[in-house]
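Novice: Be aware that the sequence shown starts at 3, since it is given in this note's numbering, and climbs by one per residue. Glycine included, each C-beta is placed from N, C-alpha and C at the ideal position. After the structure tokens below, expect a handful of questions from me.
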Amino acid sequence: MADSDTTSSEDTQLQDLVYALAPSPHFAEDGICYAARRSGLYRSDDGGANWRTTYDSLNLEAALATTAVVVSPAFESDRSVFAGSQGGVLRSVDGGESWNVALFPPPPPIVSALAISPDFIRDGTLFAGTVEDGVFRSADRGRRWSAWNFGLLDLSVLCVAISPNFAADETLFVGTETGVFRSTNGGRAWREVNFPTDDAPVISLALSPDYAEDGVLFAGTESCGLFRGIERGDSWEQVGEDAIQDSVNGIVLSPQFPARPEILVVLGTGLLVSRDGGQSWSGWQADVPTDQGLTCAAAPQGLDPDAPLLIGLVGGDVVRL
């Protein structure tokens with residue numbers, strides 16, 4: 003990861019582990035992407051070639067580990083970015099030039115994941131998964147947050163995924179240390195789905211873009227591979243068990259799924275892609291760095307072989323393939 007500013011040796015040591023990537027909805031035009039790293043939140047304005055810190059205005063005395071980031075679906079107009087950290091959520095409405103600290107009930111949680119409503123411009127709703135305190139919800143564009151954990155039997159939330167049709171179905175899922183939980187009323191109540199709990203923890207989730215019709219989602223586990231959920235998570239089957247034998251750190255589906263049934267999985271040791279809904283798998287066409295572990299990926303223009311793919315690495319680099 004190349005930073006546009008010169009960094010000290012101490013700062014370089016802190017720039018390790020990319021937790022999450024969040025490209026602008028208009029990445030093809032503006033080239034903007036955010037990277038949540040152990041040393042803070044970084045922004046690229048040129049498609050991932052160069053990066054700069056976004057926390058200068060905070061005048062921090064030490065690095066603020068940033069474990070999650072999401073960008074507003076209406077980013078072009080509202081410039082809203084949200085960063086999860088060890089202590090809550092930071093909110094920016096100017097693309098990351100300045101930040102406000104969101105209000106959480108004490109004690110401040112350690113945020114592990116963020117999800118934003120696809121209809122954010124209207125409902126202003128976000129969700130935060132936390133390491134020990136379950137799920138928090140904000141309905142005022144990230145200013146104030148409250149815990150929404152009724153029925154959530156495992157408060158160790160590792161990932162959060164929200165329905166593309168959230169405005170109508172109010173559905174979201176969380177992956178935890180023990181399995182998968184679903185809410186169908188906007189997070190007010192949760193119920194554990196019939197995930198094979200012996201295969202947990204669940205560290206990544208992705209819902210079909212056509213979830214409203216097909217009810218399909220995917221869950222990546224720490225050590226047992228990839229699973230496909232059907233019937234809105236009531237039934238599960240393992241996918242690619244012969245090929246996927248590493249931690250599934252990320253799952254990216256084609257924007258046209260299932261018409262184009264393309265699935266990309268980020269393993270600790272590399273990238274695998276399926277072009278047939280998970281029946282067969284192959285390595286990503288471009289060379290993938292193998293000297294560092296892979297942590298996350300973003301495909302802002304889909305999964306065509308010639309489309310840009312951004313990969314986060316354990317050492318702190320973001321590579322564009």
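#1: Is T1 helix, strand or coil when you go by DSSP?
#2: Going by Cα to Cα distance, which pick from S140, W283, S210 is closest to E243?
#3: Answer with buried or exposed for S100, where buried requires no fewer than 16 other C-beta atoms within 10 angstroms of its C-beta.
#4: Name the DSSP bridge partner or partners of A37?
#5: Quick check on S59: does DSSP put it in helix, strand or coil?
#6: Mark F152 as exposed unless 16 or more other C-beta atoms lie within 10 angstroms of its C-beta, in which case mark it buried.
#7: Can you name, in chain order, every residue of its own chain whose Cβ lies under 6 angstroms from the Cβ of E78, other than the five neighbours on each side?
#8: So, helix, strand or coil for E233, using DSSP?
#9: Note down, one range per segment and in chain order, each beta strand (DSSP E) of at least 3 residues found wholly within the stretch 256-301.
#10: Spatial neighbours of Y332 within its chain, please: CB distance less than 6 angstroms, with the 5 preceding and 5 following residues excluded, ordered by chain position.
#11: Expressed to the nearest angstrom, what Euclidean distance is found between the alpha-carbon atoms of A214 and L315?
#12: Compare the C-alpha of R234 against each of G285, V182, L269 and name the closest.
#13: Name, in chain order, the residues that DSSP records as bridge partners for C226.
Specialist: Looking at the atomic coordinates:
#1: The structure shown does not extend to residue 1, since the chain is modelled only from 3 to 323, so the question has no answer here.
#2: For the purposes of this step, residue 243 is identified with residue 241 of the sequence shown, where counting begins at 1. Of the candidates S140, W283, S210, the one whose C-alpha sits nearest the C-alpha of E243 is W283.
#3: Taking the sequence shown and counting its residues from 1, the one referred to as residue 100 is at position 98. So S100 ends up on the exposed side.
#4: Numbered from its first residue, the sequence shown carries residue 37 at position 35. L23, Y44, per the DSSP bridge assignment.
#5: Residue 59 sits at position 57 when you count from the first residue of the sequence shown. In the three-state reduction of the DSSP assignment, S59 falls in the helix class.
#6: As a position in the sequence shown, residue 152 is number 150, starting the count at 1. Result: exposed.
#7: On the sequence shown, position 76 is the one that residue 78 refers to. Closer than 6 angstroms at the Cβ level, and outside the excluded window around E78, lie H28.
#8: Position 231 of the sequence shown holds residue 233. Helix at E233.
#9: Runs of the beta strand (DSSP E) inside the stretch 256-301: 265-269, 272-276, 296-300.
#10: Residue 332 lies beyond the stretch modelled for the chain, which goes from 3 to 323, so this question has no answer here.
#11: Stepping through the sequence shown from its first residue, residue 214 is reached at position 212. Stepping through the sequence shown from its first residue, residue 315 is reached at position 313. Near 33 angstroms, if we compare the C-alpha coordinates of L315 and A214.
#12: Position 232 of the sequence shown holds residue 234. Looking at the Cα atoms, V182 is the closest of the given residues.
#13: Here residue 226 refers to the residue found at position 224 when the sequence shown is read from its first residue. DSSP output for C226 lists no bridge partner at all.
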